[in-house]
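Chains as they are written, first to last, in numbering that gives the first Met the number 0: chain Z, 0 to 235; chain A, 0 to 235. Some notes on the structure that comes next.
Number of protein chains: 2
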Amino acid sequence: MSPRSSHETARVIPEATVARLPVYLRALTGLAEQGIATCSSEELATAAGVNSAKLRKDLSYLGSYGTRGVGYDVEYLRYQIAREIGVTHEWPVVIVGIGNLGHALANYSGFRSRGFRVVALLDADPARHAEIVAGVAVRPFADLDAVVHEHSVAIGVIATPPTAAQDVADRLVEVGITSILNFAPGVISVPEGVAVRKVDLSIELQILAYHEQRKAAGDPDAVDPAVTFPAAGGDK
Amino acid sequence: MSPRSSHETARVIPEATVARLPVYLRALTGLAEQGIATCSSEELATAAGVNSAKLRKDLSYLGSYGTRGVGYDVEYLRYQIAREIGVTHEWPVVIVGIGNLGHALANYSGFRSRGFRVVALLDADPARHAEIVAGVAVRPFADLDAVVHEHSVAIGVIATPPTAAQDVADRLVEVGITSILNFAPGVISVPEGVAVRKVDLSIELQILAYHEQRKAAGDPDAVDPAVTFPAAGGDK
DNA sequence: TAGATTGTTAATCGATTAACAATC
DNA sequence: TAGATTGTTAATCGATTAACAATC
């Protein structure tokens with residue numbers, strides 16, 4: 000036995016692998032829904048849109064959850080990945096900025112089934128405070144502190160206009176939020192130790208435009224970006 | 000002079016660089032709006048949330064658009080990057096699936112200013128066909144072919160429920176769309192030569208949950224993912 | 001035992017970074 | 001000329017991939 004505890008999690012999982020674990024989790028859920036009990040790395044890789052060598056390498060960072068000659072037990076592997084990601088319990092999240100996008104996020108049913116629960120919707124505009132979206136009341140942004148402490152919220156979503164994003168981020172950090180998903184265009188800066196991920200619709204379209212333009216120019220090297228960079232659907 | 004034409008674009012730009020060009024473009028637009036005419040790589044890097052060595056390396060793939068000892072002309076560099084990305088003219092796009100998210104996308108004003116114009120909103124549900132969103136009428140999905148050919152659309156956005164996504168993708172490809180931005184969870188498969196990018200809200204949250212969990216576990220190696228993987232806001 | 005498939009190794013490829021010569 | 005800053009080199013780091021020994 001190793002000198003470390005058996006409930007060991009000290010192995011470092013590469014960031015590229017971390018970003019794919021949720022993809023594998025979703026693929027496994029899909030297989031389970033089809034009533035498939037066992038799968039090979041090849042089958043799971045196809046379902047997840049990656050190649051099987053990469054899948055096996057990724058899974059090897061978590062442990063040995065497969066059986067040589069047989070494959071993986073879908074339910075068992077699903078649980079192990081969920082545990083590794085940390086979505087065996089629900090994470091409370093707050094959404095700030097209940098405009099068009101905030102509405103869409105609040106109504107997104109996929110959050111609940113994937114480990115997240117929207118505990119509060121906050122907006123600075125008093126005109127929105129009457130509203131109830133997806134069963135949750137829109138509250139003043141000033142309620143942030145109370146909400147975060149009441150529900151022990153660690154994750155915040157920014158869906159405000161870009162001009163408000165940095166102020167909102169500062170306030171989120173002040174009240175103890177340590178992970179932020181930012182939908183507002185532009186860079187927000189946060190202290191060390193606070194995680195930020197960014198979703199930017201125009202940037203995604205511009206990346207597509209670049210490749211589209213190369214194709215239009217008849218460039219023989221214009222490749223399918225789906226096979227090359229982040230979480231895209233293409234296989235290879 | 001090189002043996003190739005002077006209107007040369009044959010240099011291959013790494014995918015990681017391509018994904019950052021839109022970030023630089025946005026940062027330059029921000030500087031221009033502040034009335035700043037010239038900036039150093041250090042200043043632009045800060046505004047874009049990257050380090051200056053990476054910025055200069057990235058820009059070097061486009062050409063030599065700076066002046067040693069001085070820096071970059073904001074307006075000139077902005078134009079050069081816009082040209083490289085291909086957003087000096089507008090790209091017509093169609094959005095398929097006008098639910099909550101489709102509405103939010105249709106209303107997103109940022110598209111227009113960043114090189115995209117929504118020329119059609121399509122939905123399979125006849126109940127939605129009466130509606131006009133952001134000045135654009137919602138039309139039957141069957142109109143896809145007509146719309147795409149009328150406006151020479153190359154880019155399609157999928158905002159349908161996950162069950163419809165693959166069928167919609169197949170149809171988009173059939174009518175000649177070669178770039179797809181997919182908001183529906185799950186993998187869609189497309190033929191070689193069609194570019195797909197994917198935005199998945201739950202996956203982003205799950206990546207944050209993973210890091211949040213590591214922090215909670217008191218893991219000393221738990222790092223800020225903002226500094227590590229794709230287009231995130233953190234500087235370093 | 002024979003066939004199948006994992007988990008791991010090692011080679012390759014691509015991205016990042018620091019340092020600095022070139023040059024304004 | 002002296003100071004500033006780019007563009008590029010080269011070293012390092014991390015991610016991907018093919019191949020295969022281990023083993024069910």
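No residue lacks a Cβ here, since even glycine has one placed at the ideal position from N, Cα and C.
Where residue i meets chain A, residues with beta-carbon distance less than 8 Å
i         : result
Z/Thr-159 : Within chain A, no residue comes near Z/Thr-159; the closest Cβ sits about 13 Å away, beyond 8 Å.
Z/Gly-48  : Val-186 and Ser-188
Proximal residues of chain Z, C-beta to C-beta of residue i below 8 Å
i         : result
A/Pro-21  : Asp-199, Ser-201, Ile-202, Gln-205 and Ile-206
A/Glu-211 : Gly-85, Trp-90, Ala-153, Ile-154, Thr-177, Ser-178 and Ala-194
Own chain partners of residue i with C-beta closer than 6 Å, once the 5 adjacent residues on each side are dropped
i         : result
Z/Thr-177 : Ala-153 and Val-193
Z/Asp-234 : With a pLDDT of 27 at Z/Asp-234, under the threshold of 50, the modelled position of that residue is not reliable, and no figure is offered here.
A/Ala-9   : Its pLDDT being 46, under 50, A/Ala-9 is placed unreliably in this model, and the value from its coordinates should be taken loosely. Excluding sequence neighbours, A/Ala-9 sits near nothing in its chain.
Z/Gly-65  : Tyr-71
A/Val-137 : Ile-97, Leu-120, Asp-122, Arg-127, His-128 and Glu-130
Z/Ser-51  : Ser-40, Glu-41 and Ala-44
A/Pro-2   : Residue placement at A/Pro-2 cannot be trusted, given a pLDDT of 36 that sits under 50; what the coordinates show is reported in the next sentence. There are no such residues.
Z/Val-174 : Leu-143, Asp-144 and Val-147
Z/Val-167 : Val-95, Ile-157 and Thr-159
A/Leu-270 : Since the first residue of chain A shown is 0 and the last is 235, residue 270 of chain A is not available in this structure.
Neighbourhood of residue i by C-beta, 8 Å cutoff - its chain only, sequence neighbours within 5 removed
i         : result
Z/Pro-160 : Gly-96, Gly-98 and Ala-183
A/Val-22  : Ala-47, Gly-48, Val-49 and Ala-230
Z/Ser-201 : Pro-184
Z/Ala-133 : Ala-105, Asn-106 and Val-117
A/Ala-215 : none
A/Phe-140 : Val-95, Leu-121, Asp-122, Ala-123, Val-167 and Arg-170
A/Val-198 : Leu-180, Asn-181 and Phe-182
Chain Z residues whose Cβ lies nearer than 7 Å to that of residue i
i         : result
A/Pro-184 : Arg-25 and Gly-109
Neighbour list for residue i in chain Z, Cβ cutoff strictly below 9 Å
i         : result
A/Lys-214 : Ala-153, Thr-177, Ser-178, Gly-192 and Ala-194
Neighbourhood of residue i by C-beta, 7 Å cutoff - its chain only, sequence neighbours within 5 removed
i         : result
A/Ala-26  : Leu-43, Ala-46 and Ala-47
Z/Gly-185 : Pro-161 and Ala-164
A/Ala-31  : Val-73, Glu-74 and Arg-77
A/Leu-171 : Gly-155 and Ile-179
A/His-102 : Val-132
A/Val-195 : Ile-179, Asn-181, Ile-187 and Val-189
A/Ile-12  : Tyr-60
A/Gly-109 : none
A/Thr-28  : Arg-77
Z/Leu-236 : Lying outside 0 to 235, the shown extent of chain Z, residue 236 of chain Z is not represented and no answer is given.
heavy atom of the ligand COA below 8 Å from residue i C-beta
i        : result
Z/Arg-67 : Of ligands this structure carries none, so the ligand COA is not represented either.
Using a Cβ distance threshold of 8 Å, determine whether the stretch 84 to 93 of chain Z contacts the stretch 116 to 123 of chain Z, with at least three qualifying pairs required. yes
Is there contact here, the stretch 10 to 19 of chain A with the stretch 57 to 67 of chain A, by at least three beta-carbon pairs under 8 Å? yes
Count the C-beta pairs between the stretch 204 to 216 of chain A and the stretch 180 to 192 of chain A that are closer than 8 Å, then say yes if the count reaches three, no if not.
-> no
Checklist entry - Can at least three beta-carbon pairs, one atom from the stretch 121 to 141 of chain Z and one from the stretch 36 to 43 of chain Z, be found at a separation below 8 Å? => result no
(message) Closer than 9 Å between beta carbons: that is the criterion. Which residues of the stretch 88 to 116 of chain Z meet it against chain A?
(response) Trp-90, Val-92, Gly-98, Asn-99, Leu-100, Gly-101, His-102, Ala-103, Leu-104, Ala-105, Asn-106, Tyr-107, Gly-109, Phe-110, Ser-112, Arg-113, Gly-114 and Phe-115
Every unbroken alpha helix (DSSP H) inside the stretch 59 to 111 of chain Z [4 residues or more]: 73 to 84 and 99 to 106
My parser needs the alpha helix (DSSP H) runs of 4 or more residues fully inside the stretch 157 to 229 of chain Z; what are they? 161 to 173 and 200 to 215
Specify whether the stretch 139 to 152 of chain Z and the stretch 72 to 87 of chain Z touch according to this definition: at least 3 beta carbon pairs, one from each stretch, less than 8 Å apart. no
(request) Scan the stretch 9 to 43 of chain Z and note each continuous alpha helix (DSSP H) run of 4 residues or more that stays entirely inside, going in chain order. (result) 14 to 32
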